[in-house]
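Here's the structure we're looking at; comments come further down.
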């Protein structure tokens, strides 16, 4: 392995990243997932953590671009250069760029995630059988509205599971229309357009208006690529037109004729000789996950290695079951140490100096609850990486972790008291608490742990009872967050869903569960704590929080430790 | 059937790939990825320094170190790859 000259590395372990735009080749959630998995490759073997930001400047800014894309190293069209990244540092340093003239997949051909239909957004299954005929791409067969669809199992005739394929009729990417579909025809600079266009742009991205008139409404989005769309050329995103004429000969499939590099191409109109519209035919594509993992290696401080099997080797090679090579592990651990906390040689460790004697802190008990003394003053809430549960009880924020809890005083300017023992205050509760809320009307405290819950009224306890008693489904393993909504309604979060509990009637309201990301856009779907504090909703993942205001806008992403607990 | 087919190559509009010779392509590659120091590069198309650079490239890519622009080397250069340079100071 090699590191950059001077062993360039980040001076902090909590690295942030931001995805600036998306490729039209894959659905956004798949791209998000590929990047997240690529970061995990490195966080699995180091103490590094990666948190995604949705605005502002992140350490690693990730983007797709074509040819000249704003830095001194232009891309080169399809194949050849796939991506590049800069070593750690300020500004453009640390950023990773991906060539959008490549066909980005997971390495084994088009990745088509469906929307709507009855398959819950599953991937297309190619080939699939429909009315006895085999299909290897999305089709409009069997529909009168010209919408592309695919089966999500091998046999639609048997399973009848299907979804709609990406197209501009279904949604757009980026822009300013929140994913609204294209509106055809639309007017742009006085001219009418019946399809997506690259007019008005110099980066080759296809776009459309999402209202009838762009000139007046200025609403637009970028068009997702169909699975049959050509890559690069001068007709990116258009489907092949078969048959087409090339040098007076008729072609019924992609060809390498006319090229010296053997790449397959097709015309996107009937006659190439006349229109000269063309692009490369979709192939296996490049695994965004593998390329991103390599680029993020650069962004963390690794140079190219000459170990052929290592991730940091400069050439692309598809690997089905990827695991990080020992050469890569040694390289990254030289810079950041190992996951268990072993530090690299020659690293100076500065131990934080406590200036205040923790024994001198005067704990104030949770009002209305038995008075408890701190059990282990050396345990500082500021040293906790994350908490099992955070909730507001009697106006104070309570933070639970491993059988203990701390109380953030609302009276004494955010003073942190504790830790206290959970079993001393609430003897019936287990040491690990997933979520809790205090009913505003009755002041009863509801506490959830695994598939059970308890209800405390002062010192009296009811429970444990099964989650199903509240009307929650049996497949829920835990309740990860609870939010008061009004005086007798509470939202309970688990996985990607939430339910609304009528506390008074002790039942789940009709119409639930609902998807978290449909109601609470822009927050992590894998938040392990959700709580209400000072009128804002906080979604926590690891040590970070996403704050959502009353207008359901994420107005801040930050560190729980510094922003909420006010740790030094 | 007896007539040999002569392939016809066309220039596709918008295609960045140019009709560079292998030698031109290799020189561009060696410069771009840090194998040749542009400042001190000889004006000769395939000089001693190029042969040295090719050997270094071949070593890095696990190829036979011939110092020649052979088929295996040019094929390796045309493989999809990362745009970050292989060799720095």
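Chains as they are written, first to last, in my numbering: chain G, 23 to 590; chain D, 120 to 208.
For glycine and all other residues, C-beta sits at the position ideal for the given N, C-alpha and C.
1. Is residue 292 of chain G close to chain D, meaning its C-beta is less than 8 angstroms from at least one C-beta of that chain?
2. Taking 6 angstroms as the limit between beta carbons, can you name the residues of its chain near residue 513 of chain G, skipping five residues before and five after?
3. For residue 320 of chain G, report the span of its alpha helix (DSSP H) as first-last.
4. Alpha carbon to alpha carbon, how far is residue 267 of chain G from residue 171 of chain G?
5. Alpha carbon to alpha carbon, how far is residue 550 of chain G from residue 572 of chain G? Give it in angstroms, no decimals.
6. Could you name the residues of chain D that residue 593 of chain G contacts, counting a contact when the two beta carbons are closer than 9 angstroms?
7. Tell me, please, whether the stretch 52–70 of chain G touches the stretch 340–355 of chain G by the rule of three or more beta-carbon pairs shorter than 8 angstroms.
8. Mapping DSSP to helix, strand and coil, what is residue 404 of chain G?
9. Would you say residue 174 of chain D faces chain G, with C-beta separation under 8 angstroms as the test?
10. Run through the stretch 398–480 of chain G for me and flag every whole alpha helix (DSSP H) of 4 or more residues, listed as ranges in chain order.
11. With burial defined as no fewer than 16 other Cβ atoms inside 10 Å of the residue's Cβ, what is the status of residue 334 of chain G: buried or exposed?
12. Name the two residues that bound the continuous beta strand (DSSP E) containing residue 234 of chain G.
13. Between the C-alpha atoms of residue 509 of chain G and residue 24 of chain G, what's the straight-line distance to the nearest angstrom?
14. Which residues in chain G sit within 7 angstroms of residue 141 of chain D, going by Cβ to Cβ distance?
15. Is there a Cβ of chain G sitting closer than 8 angstroms to that of residue 189 of chain D, yes or no?
16. Alpha carbon to alpha carbon, how far is residue 385 of chain G from residue 527 of chain G?
17. Per DSSP, what are the beta-bridge partners of residue 506 of chain G in this structure?
18. Would you call the stretch 122–134 of chain G in contact with the stretch 231–246 of chain G, where contact means no fewer than 3 C-beta pairs closer than 8 angstroms?
19. Pick helix, strand or coil for residue 141 of chain D, following the three-state DSSP scheme.
20. Can you check which of these residues, G:356, G:167, G:570, is closest to residue 31 of chain G by C-alpha distance?
21. Quick check on DSSP: helix, strand or coil for residue 58 of chain G?
22. 8 angstroms is my cut-off, CB to CB: does residue 186 of chain D come that close to chain G?
23. Which residues bound the beta strand (DSSP E) around residue 82 of chain G?
24. Quick one: complete alpha helix (DSSP H) runs, 4+ long, within the stretch 167–219 of chain G?
25. From which residue to which residue does the beta strand (DSSP E) around residue 242 of chain G run?
26. I'd like to know whether the C-beta atoms of residue 186 of chain G and residue 136 of chain G end up nearer to each other than 8 angstroms.
27. Taking a contact to mean a Cβ-Cβ separation below 8 angstroms, would you say residue 353 of chain G touches residue 312 of chain G in this structure?
28. As a quick exercise: from G:119, G:145, G:215, G:33, pick the residue whose alpha carbon is nearest that of residue 40 of chain G.
29. Note down, in chain order, all residues in the stretch 96–109 of chain G with a beta-carbon under 7 angstroms from any beta-carbon belonging to chain D.
30. Measuring straight from C-alpha to C-alpha, what distance separates residue 472 of chain G and residue 495 of chain G?
31. State the DSSP-derived secondary structure class of residue 272 of chain G, mapped to helix, strand or coil.
32. Under DSSP, the alpha helix (DSSP H) around residue 296 of chain G begins and ends at which residues?
33. Quick check: is the beta carbon of residue 131 of chain D nearer than 8 angstroms to any beta carbon in chain G?
34. With 9 angstroms as the C-beta to C-beta threshold (strictly closer), list the residues of the stretch 307–321 of chain G near chain D in chain order.
35. Short of 7 angstroms in beta carbon distance, which residues of its chain neighbour residue 589 of chain G, apart from the five on each side in sequence? Order them along the chain.
36. Tell me which same chain residues have a C-beta within less than 8 angstroms of the C-beta of residue 498 of chain G, skipping the five on either side of it?
Based on what the coordinates show:
1. Look at residue 292 of chain G: its C-beta is not under 8 angstroms from any C-beta on chain D.
2. Cβ neighbours of residue 513 of chain G beyond the five flanking positions: 505, 507, 520, 522.
3. DSSP places residue 320 of chain G in the uninterrupted alpha helix (DSSP H) bounded by 310–322.
4. Going from the Cα of residue 267 of chain G to the Cα of residue 171 of chain G covers about 29 angstroms.
5. So the two alpha carbons sit approximately 21 angstroms from each other.
6. Absent from the structure is residue 593 of chain G, since the part of chain G shown begins at 23 and ends at 590.
7. Result yes; three or more Cβ-Cβ pairs closer than 8 angstroms.
8. Residue state, collapsed to three classes: helix.
9. The beta carbon of residue 174 of chain D does not come within 8 angstroms of any beta carbon belonging to chain G, so the residue lies off that interface.
10. The stretch 398–480 of chain G contains these whole alpha helix (DSSP H) runs: 444–447.
11. Classification for residue 334 of chain G: buried.
12. Looking at the DSSP string, residue 234 of chain G is not in any beta strand (DSSP E), and its letter there is neither H nor E.
13. About 60 angstroms.
14. The CB of residue 141 of chain D never comes closer than 7 angstroms to any CB in chain G; the least such distance is about 11 angstroms.
15. No, its Cβ sits nowhere closer than 8 angstroms to a Cβ of chain G.
16. Per-residue confidence for residue 385 of chain G stands at a pLDDT of 34, beneath the threshold of 50, marking its modelled position as unreliable; the derived number appears in the next sentence. Answer to the nearest angstrom: the Cα atoms are 37 angstroms apart.
17. Looking at the DSSP assignment, residue 506 of chain G forms a beta bridge with G:512.
18. These segments do not touch.
19. Helix at residue 141 of chain D.
20. Measuring from the Cα of residue 31 of chain G, the nearest candidate turns out to be G:356.
21. Looking at residue 58 of chain G - three-state DSSP - the assignment turns out to be helix.
22. Cβ-Cβ to chain G under 8 angstroms: no for residue 186 of chain D.
23. It spans 82–87 - the beta strand (DSSP E) in which residue 82 of chain G sits, taken as one unbroken run.
24. Secondary structure remark: continuous alpha helix (DSSP H) runs of at least 4 residues inside the stretch 167–219 of chain G, in chain order: 178–181.
25. Where residue 242 of chain G is concerned, the enclosing beta strand (DSSP E) stretches over 242–244.
26. Contact: yes.
27. The beta carbons of residue 353 of chain G and residue 312 of chain G sit no closer together than 8 angstroms.
28. Cα-wise, what sits closest to residue 40 of chain G is G:119.
29. Taking 7 angstroms as the upper bound on Cβ-Cβ separation, chain D lies near residues 98, 99, 101, 102, 103, 104, 105, 106, 107 of the stretch 96–109 of chain G.
30. Note on geometry: alpha-carbon atoms of residue 472 of chain G and residue 495 of chain G lie some 13 angstroms from one another.
31. For residue 272 of chain G, the secondary structure class from DSSP, reduced to helix, strand or coil, is strand.
32. Annotation: the continuous alpha helix (DSSP H) that includes residue 296 of chain G extends over 294–297.
33. So, interface residue.
34. Listed in sequence order: 308, 313, 316, 317, 320.
35. The answer, listed in chain order, is 404, 583.
36. A distance below 8 angstroms between beta-carbons, with the five flanking residues on each side excluded, links residue 498 of chain G to the following residues of its chain, in chain order: 473, 489, 516, 517.
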